[in-house]
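For reference, the structure is listed below as structure tokens.
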Amino acid sequence: MTRESNAVGEVITFSIPSRLELLPVLDRLMQGIAEQMEFDEDTAGEVAISVIEAGTNAIQHGHGHDPLKPVAFRFELYPEHLRVCVTDTGPGFNLADVTISDPTSPEDLMKSRGRGIFIMRRMMDAVDFEIDPKKGTRVFLTKFKRVNGRATAAS
Amino acid sequence: MKLVQQAEGDVLVLRLGGQLMGGPDADALRSTILASIQQGTEKILIDLGEITWVNSTGLGVLITSHLAARGKGGSLKLVGVSKRIESILSVTRLNTVFEVFSTEEDARKSFRSSPSGGSEEG
Chain A
41 MTRESNAVGE
51 VITFSIPSRL
61 ELLPVLDRLM
71 QGIAEQMEFD
81 EDTAGEVAIS
91 VIEAGTNAIQ
101 HGHGHDPLKP
111 VAFRFELYPE
121 HLRVCVTDTG
131 PGFNLADVTI
141 SDPTSPEDLM
151 KSRGRGIFIM
161 RRMMDAVDFE
171 IDPKKGTRVF
181 LTKFKRVNGR
191 ATAAS
Chain B
30 MKLVQQAEGD
40 VLVLRLGGQL
50 MGGPDADALR
60 STILASIQQG
70 TEKILIDLGE
80 ITWVNSTGLG
90 VLITSHLAAR
100 GKGGSLKLVG
110 VSKRIESILS
120 VTRLNTVFEV
130 FSTEEDARKS
140 FRSSPSGGSE
150 EG
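As you go down the protein sequences, you meet chains A and B in turn.
In terms of this note's numbering, the first sequence opens at residue 41 and continues consecutively.
In terms of this note's numbering, the second sequence opens at residue 30 and continues consecutively.
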């Protein structure tokens with residue numbers, strides 16, 4: 041794990057082999073970051089769940105569970121928001137395919153897959169992707185601090 | 030992931046611990062449940078009380094198991110659902126699919142209230 045400060049905020053980076061059972065290792069780190077950000081319990085939980093989902097996608101779909109391929113996590117702590125980048129080196133996917141699907145719709149509710157990105161989008165203030173079939177996929181998760189139950193800034 | 034099976038009357042109780050995150054452990058859980066259903070088990074109670082993490086892949090295992098039980102006229106119910114798991118179930122609307130109980134006794138009463146073990150509204 042590395043930690044640095046720059047002009048825009050404090051940055052913590054961390055990487056794990058592509059093994060799902062290692063994802064909870066991030067839990068304690070995310071608890072610490074949530075304390076630094078002064079997130080309330082619900083916000084901290086939503087961030088943790090979303091980061092785990094992004095990591096799950098990277099391990100399963102990006103790296104095909106190949107433990108030799110590390111998944112990188114970058115946490116950028118700003119005064120009003122947290123930005124997390126999860127990176128894999130896989131071939132990516134067609135974002136349109138997951139954008140149009142709604143796993144809560146009656147026809148898809150009982151499907152056993154396809155909820156990861158939906159969960160991230162519901163729990164974070166912004167979810168963005170950079171997909172390059174040659175370089176890999178980067179998922180950016182942004183969460184603003186809450187004041188009286190509302191985000192401190194629009195994303 | 031920790032998995033402890035216990036047959037209590039006609040109810041199969043599965044007590045899970047650790048992580049329900051996909052991978053070999055989740056595959057083993059799915060196989061265990063599907064084999065039990067094939068052997069005639071209709072009432073399955075999954076205790077998530079010691080589960081520390083569930084992701085969308087883990088939810089998929091529960092859905093597959095639920096569908097298999099329902100396909101045989103049975104049902105699968107949950108107990109020991111943490112606040113974090115509850116929030117995932119709520120966001121995905123799977124809280125409308127799974128019957129969640131506060132205690133094992135409440136779940137057992139529910140099983141007893143309908144012969145097939147399914148929810149009264151079907």
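We put the CB at the ideal spot given by N, CA and C, even for glycine.
Mind checking whether residue 128 of chain B and residue 101 of chain B have CB atoms under 8 Å apart?
no
The beta strand (DSSP E) spanning residue 166 of chain A covers which residue range?
In the DSSP annotation of this structure, the continuous segment of the beta strand (DSSP E) that includes residue 166 of chain A starts and ends at 166 to 172.
Beta carbons nearer than 7 Å to chain A: which residues of the stretch 60 to 86 of chain B have them?
81, 82, 84, 85 and 86
Output needed in chain order: residues of the stretch 72 to 83 of chain A with a Cβ under 9 Å from some Cβ in chain B.
81 and 82
By how many angstroms is the C-alpha of residue 47 of chain B removed from the C-alpha of residue 180 of chain A?
28 Å
Could you check whether the Cβ of residue 116 of chain B sits closer than 8 Å to any Cβ belonging to chain A?
yes
Give the residues of chain B in contact with residue 152 of chain A, contact being defined as C-beta atoms less than 7 Å apart.
89, 92 and 93
Apply the 10 Å Cβ neighbour rule to residue 106 of chain B and answer buried if 16 or more other Cβ atoms are within range, or exposed otherwise.
buried
Does any CB atom of chain D fall closer than 8 Å to the CB of residue 109 of chain B?
No chain D is present in this structure, whose protein chains are A and B.
To which residues of the same chain is residue 118 of chain B closer than 6 Å at the C-beta, ignoring the five residues directly before and after it?
Cβ neighbours of residue 118 of chain B beyond the five flanking positions: 124.
Kindly list, in the order they appear in chain B, the residues whose Cβ is closer than 7 Å to that of residue 155 of chain A.
Ordered by position in chain B, the residues that pass the 7 Å Cβ test against residue 155 of chain A are 85, 88 and 121.
Provide the residue(s) that pair with residue 46 of chain B in DSSP beta bridges, ordered along the chain.
B:31 and B:79
Measure the C-alpha to C-alpha separation of residue 186 of chain A and residue 120 of chain A and round it to an integer number of angstroms.
9 Å
Which complete beta strand (DSSP E) runs does the stretch 101 to 147 of chain A hold, if anything under 3 residues is left out?
110 to 117 and 121 to 128
Could you tell me which chain B residues have their CB closer than 7 Å to the CB of residue 102 of chain A, listed as they occur along the chain?
In chain order: nothing, as chain B lies at least about 14 Å away.
Which chain B residues are close to residue 163 of chain A, counting only those with a beta carbon under 7 Å from its beta carbon?
120
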